[in-house]
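The structure appears below as structure tokens.
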Amino acid sequence: MPEWLELELAHQLSPAPAPDTLWERIQNGRPPVRRHVPRWPIAAILTLMVAAATLWLAAKGQEPALSLEQVALQQLQHPAPLDLLSSDPAAIAAWTRRHAGIGLSIPAATPVRLSGVRLIQKRGELMAAVDYTIGSDAATLLVARTGPAADTSHGRLSWKSGGLSYALACSNPDHPEAACLLCHASL
Amino acid sequence: MVLEGSDRELVAACQRGERDAFRALFETYKDKVYSIALRFSGDPATAMDVAQDTFLKLFSSIRDFRGDASFETWVYRLVVNSCLDHKRRSWRLIPIADELLAVLQAPADSLGEILRGEMRYRVHSAVERLSPDLRMVVVLRYTEGLSYDEIAEVLGCSPGTVASRLNRAHKALERRLSYLVNKKGGGHA
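Protein chains in written order, with our numbering: chain A, 2 to 188; chain B, 10 to 198.
This is the structure:
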């Protein structure tokens, strides 16, 4: 082996000191055990199922149904122009009620910065997408009319209440709950 | 038991469950474990995961250490297995790009700085393109300075296999890096 390579390897691969935070990480305990299970059969089956479902829906002339959270994310990532540009919660609520019949309630003292609202048609329904920012993060609240007013449920980023379905999307993947600040002063 | 005096006492204390002994053992081996993980993975975040995993395994299984091999060899085996397990579980695509970005973004005071940065990036990339078996031999040899016999004991193979793997690794690295030496005139950056 040439001498330059020996020297270069010894130099570039020299020992490195462990960061001070390593001990804290060890004290914080073991991360979830990730067992080595071959994933390709599961991935292959899921891919086939999705492909079959897509083909079936395409044959029926429909686009695949997205969950409300997926639609909210889609609106956040590929936003169409807003129908109403406003940072006033009352103006956005009034406009949404007048144009979509959706009774939206946003606290007047919301700590987020509202951008406005747009109406979209998805799954044959009219929905309102309210865009806003929390610091440097962008977020969207999607509201759609749903079934009976008594139908209530609550997930992490979507819920049903008072005859409306809601879903949130946030550009911060580590802290999507920041989108909840629209209506909650603190998390 | 094939143990140095201080290691023997530390291991015995750990086997009795003495908390301070675990910390002392960690301080003794943290740089070795992290260095191997870092040089093998090429990524500080992955190295932290591997080092954490190694120490958690070490602490949880230290009662099983019977002293058939030296304690240091046992630690080396744990970190080698953690590195290879992690490699099997994940595909590493982004960190190489991160390193290149770091080289490009690093403040370079002179042409020499730029060349050293480029050489560092090229060497690390070339090492990371070696197969895990060859890469581990290179890391144990150049990061830890282990002899062929010591590497063979850690990896559970013969010294001849170690020599063969190192030879193949050297040839691959020489082929991938020789143009850099010609470019800068044969000196060491």
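Each residue gets a CB set at the ideal place from its N, CA and C atoms; glycine is no exception.
Only buried fits B:W83, as 16 or more other CB atoms lie within 10 angstroms of its CB. Between the segment 50–58 of chain A and the segment 71–86 of chain A, the count of C-beta pairs closer than 8 Å stays below three; the two stretches do not touch.
Unbroken alpha helix (DSSP H) runs of no fewer than 4 residues, entirely contained in the segment 76–124 of chain A, are found at 90–101, following chain order. By the Cβ-count criterion, B:Q24 is exposed, with fewer than 16 other Cβ atoms from all chains shown falling within 10 Å of its own Cβ.
Put simply, the CB of A:W24 is near chain B, with a gap under 8 Å to one of its CB atoms. Excluding the 5 residues flanking it on each side, A:T141 has same chain C-beta neighbours closer than 6 Å at A73, Q76, L77, A130, D132, A170, in chain order. Under the DSSP definition of a beta bridge, A:R146 partners with A:L165. Interface flag for B:E183 against chain A is set, since a Cβ pair is found closer than 8 Å.
Annotation: Cβ neighbours of B:R48 in chain A (cutoff 7 Å, chain order): L14. A:L86 and A:R114 have their alpha carbons spaced roughly 12 Å apart.
The C-beta distance from B:V146 to B:R174 rounds to 4 Å, short enough to meet the 8 Å contact threshold.
Taking the Cα of B:H179 as reference, the smallest distance to any Cα among B:L164, B:L143, B:G154 is reached at B:L143.
For B:R129, the chain A residues whose C-beta falls within less than 8 Å of its own C-beta are Q13, listed in chain order.
Any Cβ of chain A closer than 8 Å to the Cβ of B:Y157 would place that residue at the interface, and such an atom is absent.
Here B:M57 is near A:L23, since their CB atoms are less than 8 Å apart. Cα atoms of A:A60 and A:Q71: separation of roughly 22 Å, rounded to the nearest angstrom.
A:L6 has a beta carbon lying within less than 8 Å of a beta carbon in chain B. Between A:E126 and A:R98, the gap from beta carbon to beta carbon reaches 8 Å or more. By the rule that beta-carbons nearer than 8 Å mark a contact, B:V88 does not touch chain A.
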